[in-house]
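Participant: So that we are looking at the same thing, I have put the structure below in structure tokens.
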Amino acid sequence: MPDELRALSGARCLVTGGLGFIGANLALALVGAGAEVVVVDALVPQHGGDRRNLDGAAGPIEVVVADIGDTDRVAPVVASVDAIFNVAGQVSHLESMADPLRDLDLNTRSHLAFLETVRHHRPEVPVVLTSTRQVYGRPRYLPVDEDHPTDPVDVNGVDKLAGERFHLLYQRFYGVPARVLRLTNVYGPRQSLSKDGLGFFPVFLRRALDGDAIAVFGDGQQQRDCLHVADVVRAMVAALHPEAEGEVFNLGHPEAHPLLHIAQTVAAAAGGTPVELVPFPDELARIDIGSFQGDYSKAKRVLGWEPRVALAEGVADTIDFYRAHPWYRSSI
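Per our numbering, the sequence shown runs over residues 2 to 333.
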């Protein structure tokens with residue numbers, strides 16, 4: 002068990018979005034460490050949330066199906082917890098452009114309503130918000146540190162940035178001890194493979210496991226740093242450190258690889274499915290950010306965190322998980 006988790010034994014923790022990919026991994030790790038866990042998840046279609054993501058938990062997990070902005074449902078939960086991990090939200094960049102008002106509701110309005118609930122019912126509880134490197138937009142330099150300008154290229158990035166700013170505003174004005182983690186490309190067990198719009202990794206994994214060719218857009222040389230979800234879970238718990246309050250942290254990886262190499266790594270781990278380069282669809286090309294690598298030196302300095310899982314190791318672990326749990330590749 003990672004040292005970061007041991008300190009939460011006996012604590013009551015709230016995980017919003019806890020039936021989804023990252024939230025479920027966090028909830029399971031917390032329960033395994035002896036924490037009492039309650040999950041709030043709206044089970045929004047296309048987001049990948051599923052009750053089965055909590056199968057195999059080391060102990061009971063309370064599940065509340067509700068929007069985090071539903072004060073009547075969420076307030077009693079908030080009032081009872083010692084730590085909040087706010088993972089809820091929509092992640093699809095393309096979907097945010099197709100239905101911007103829905104993205105605004107899910108990534109901004111609901112979060113503001115949730116912060117109001119926290120302010121009125123448990124203002125002293127530490128809140129860890131997961132955000133995204135998408136708030137930076139197209140990098141002006143690499144690796145990207147927290148001082149890099151924020152200039153999102155899509156509605157999702159704008160709404161995520163607004164959610165960040167609300168959390169930090171509530172920290173400064175109301176004293177709600179919030180902190181923000183900006184995640185890069187996260188992969189690993191319990192990510193839905195059947196739904197589109199959740200990032201390139203689940204698409205690569207699904208096609209490789211099905212024996213289909215993996216399509217990589219453009220020349221495939223766009224660099225990405227990728228984080229195994231186990232490393233993200235450690236960072237989220239480490240972010241409860243008092244020195245993290247009111248701060249923003251990038252989570253990145255020292256290894257950045259071209260998307261073509263990532264696809265080839267996934268293909269090889271799955272048994273050698275072909276990889277092919279295809280032209281960029283216009284709607285994706287307009288919101289593509291090019292290469293990205295996050296500078297996580299602040300997280301290392303303040304939180305004592307750095308990633309431990311290398312890409313090849315993490316991909317092999319992930320492939321093994323999905324082969325043992327084939328329902329993730331089905332929409333049923």
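Ideal Cβ placement from N, Cα and C applies to all residues, glycine included.
Residues in its own chain within less than 8 Å of V303 by CB, not counting five upstream and five downstream?
Facilitator: As a first step, residue 303 must be located in the sequence shown, where it is residue number 302. The answer, listed in chain order, is H242, E244, A245, E248, F250.
Participant: For R180, which residues does DSSP report across the bridge?
Facilitator: Numbered from 1 along the sequence shown, position 179 holds the residue referred to as residue 180. According to DSSP, which records beta bridges pairwise, R180 is partnered with V129.
Participant: Leaving out five residues on either side along the sequence, give the residues of the same chain with a beta carbon under 6 Å from the beta carbon of S132.
Facilitator: Residue numbering aside, residue 132 sits at position 131 when the sequence shown is read from its first letter. The residues are K161, E165, V181, R183.
Participant: Work out the CA separation of S292 and R139 for me, nearest whole Å.
Facilitator: On the sequence shown, residue 139 is found 138 positions in, with the first residue counted as 1. On the sequence shown, residue 292 is found 291 positions in, with the first residue counted as 1. Our two residues, R139 and S292, have alpha carbons roughly 8 Å apart in a direct line.
Participant: With the cut-off set at 8 Å, would you say A214 and V276 are in Cβ contact?
Facilitator: Reading the sequence shown from its first residue, position 213 is the one you call residue 214. Reading the sequence shown from its first residue, position 275 is the one you call residue 276. In this structure, V276 lies closer than 8 Å to A214 by Cβ.
Participant: Looking at the strands, I want to know which residues DSSP matches up with G295.
Facilitator: On the sequence shown, position 294 is the one that residue 295 refers to. Bridge partners of G295: V145.
Participant: In this structure, does DSSP put E256 in helix, strand or coil?
Facilitator: In the sequence shown, counting from the first residue as 1, residue 256 sits at position 255. Coil at E256, not helix or strand.
Participant: Straight-line CA distance for Q223 to L260?
Facilitator: On the sequence shown, residue 223 is found 222 positions in, with the first residue counted as 1. On the sequence shown, residue 260 is found 259 positions in, with the first residue counted as 1. Those two C-alpha atoms are separated by around 6 Å.
Participant: Which of the three DSSP states is assigned to F22 in this structure?
Facilitator: If you number the sequence shown from 1, residue 22 lands on position 21. Here F22 sits in helix by DSSP.
Participant: Once DSSP output is grouped into helix, strand and coil, what is the label at V310?
Facilitator: Residue 310 sits at position 309 when you count from the first residue of the sequence shown. Per DSSP, reduced to three states, the secondary structure at V310 is coil, with no helix or strand assignment.
Participant: Given a threshold of 16 other Cβ atoms within 10 Å of its Cβ, counted over all protein chains shown, does V39 qualify as buried or as exposed?
Facilitator: Translated into the one-based positions of the sequence shown, residue 39 becomes position 38. V39 comes out buried.
Participant: Kindly indicate which three-state DSSP category L162 falls into: helix, strand or coil?
Facilitator: Counting from 1 along the sequence shown, the entry for residue 162 is found at position 161. Looking at L162 - three-state DSSP - the assignment turns out to be helix.
Participant: Quick one: what does DSSP say L304 is sitting in, helix, strand or coil?
Facilitator: Here residue 304 is taken as the residue at index 303 of the sequence shown, counted from 1. It is helical.
Participant: When the Cα of V78 is compared with those of R191, F202, P190, V16, which residue comes out closest?
Facilitator: Position 77 of the sequence shown, counting from 1, holds the residue named residue 78. The option with the nearest alpha carbon to V78 is V16.
Participant: Let me check one thing: in DSSP terms, what residues is R225 bridge-paired to?
Facilitator: For the purposes of this step, residue 225 is taken as the residue at position 224 of the sequence shown. Answer by DSSP bridge pairing, in chain order: H258.
Participant: If you draw a straight line from the C-alpha of D4 to the C-alpha of V234, how long is it?
Facilitator: Reading the sequence shown from its first residue, position 3 is the one you call residue 4. Reading the sequence shown from its first residue, position 233 is the one you call residue 234. Per the coordinates, the alpha-carbon of D4 lies some 12 Å from the alpha-carbon of V234.
Participant: If Q192 and N157 are in contact, beta carbons under 8 Å, what's the gap, nearest whole angstrom?
Facilitator: By 1-based counting over the sequence shown, the position of residue 192 is 191. By 1-based counting over the sequence shown, the position of residue 157 is 156. That belief does not hold up - the Cβ atoms of Q192 and N157 are roughly 17 Å apart, past 8 Å.
Participant: Under the assumption that Y171 contacts R123 (Cβ atoms under 8 Å), give the Cβ distance between them as a whole number of angstroms.
Facilitator: For the purposes of this step, residue 171 is taken as the residue at position 170 of the sequence shown. For the purposes of this step, residue 123 is taken as the residue at position 122 of the sequence shown. No, Y171 and R123 are not in contact; Cβ-Cβ is about 12 Å, not under 8 Å.
Participant: Relative to the alpha-carbon of A313, which residue among D83, D148, A270 has its alpha-carbon at the smallest distance?
Facilitator: Against the sequence shown, residue 313 aligns to sequence position 312. Ranking D83, D148, A270 by Cα distance to A313 puts A270 first.
Participant: Does the beta-carbon of S331 have 16 or more other beta-carbons within 10 angstroms, so that it is buried, or is it exposed?
Facilitator: Residue 331 sits at position 330 when you count from the first residue of the sequence shown. Exposed is the call here.
Participant: Where does D83 fall in DSSP's three states?
Facilitator: Translated into the one-based positions of the sequence shown, residue 83 becomes position 82. Note: D83 maps to coil in three-state DSSP.
Participant: Measuring only the C-alpha atoms, how far is A240 from V129?
Facilitator: Here residue 240 refers to the residue found at position 239 when the sequence shown is read from its first residue. Here residue 129 refers to the residue found at position 128 when the sequence shown is read from its first residue. So the two alpha carbons sit approximately 7 Å from each other.
Participant: Among the candidates F86, A99, L143, whose CA atom is the shortest distance from the CA of V126?
Facilitator: The residue you call residue 126 lines up with position 125 of the sequence shown. The shortest C-alpha separation from V126 is found at F86.
Participant: Please report how far the alpha carbon of D296 lies from the alpha carbon of R173, in whole angstroms.
Facilitator: As a first step, residue 296 is located in the sequence shown; it is residue number 295 there, counting from the start. As a first step, residue 173 is located in the sequence shown; it is residue number 172 there, counting from the start. Cα-Cα distance, rounded: 25 Å.
Participant: How about L206 and V267: do their beta carbons lie closer than 8 Å?
Facilitator: Reading the sequence shown from its first residue, position 205 is the one you call residue 206. Reading the sequence shown from its first residue, position 266 is the one you call residue 267. It is a contact, given that the beta carbons lie within the stated cut-off.
Participant: Straight-line CA distance for G176 to A89?
Facilitator: Taking the first residue of the sequence shown as 1, we reach residue 176 at position 175. Taking the first residue of the sequence shown as 1, we reach residue 89 at position 88. Approximately 22 Å between the Cα atoms of the pair.
Participant: Figure out for me which residue from R13, F22, C14 has the closest Cα to the Cα of Y329.
Facilitator: Here residue 329 corresponds to residue number 328 of the sequence shown, with the count starting at 1. Nearest C-alpha to Y329: F22.
Participant: For P61, is the classification buried or exposed, using 16 other Cβ atoms within 10 angstroms of its Cβ as the cut-off for buried?
Facilitator: Reading the sequence shown from its first residue, position 60 is the one you call residue 61. Answer is exposed; the Cβ neighbour count stays below 16.
Participant: Can the beta-carbon of V238 be found closer than 8 Å to that of L278?
Facilitator: As a working mapping, residue 238 is identified with position 237 in the sequence shown. As a working mapping, residue 278 is identified with position 277 in the sequence shown. Their beta carbons are not under 8 Å apart, which means V238 does not touch L278 by this criterion.
Participant: Return the CA-CA distance between D104 and M98, expressed in angstroms with no decimal places.
Facilitator: What you label residue 104 is simply residue 103 of the sequence shown in a count that begins at 1. What you label residue 98 is simply residue 97 of the sequence shown in a count that begins at 1. So the two alpha carbons sit approximately 8 Å from each other.
Participant: What distance in whole Å lies between the Cβ atoms of N26 and V230, which are believed to be in contact at a cut-off of 8 Å?
Facilitator: Position 229 of the sequence shown, counting from 1, holds the residue named residue 230. Position 25 of the sequence shown, counting from 1, holds the residue named residue 26. Indeed they touch by this definition, with Cβ atoms about 5 Å apart.
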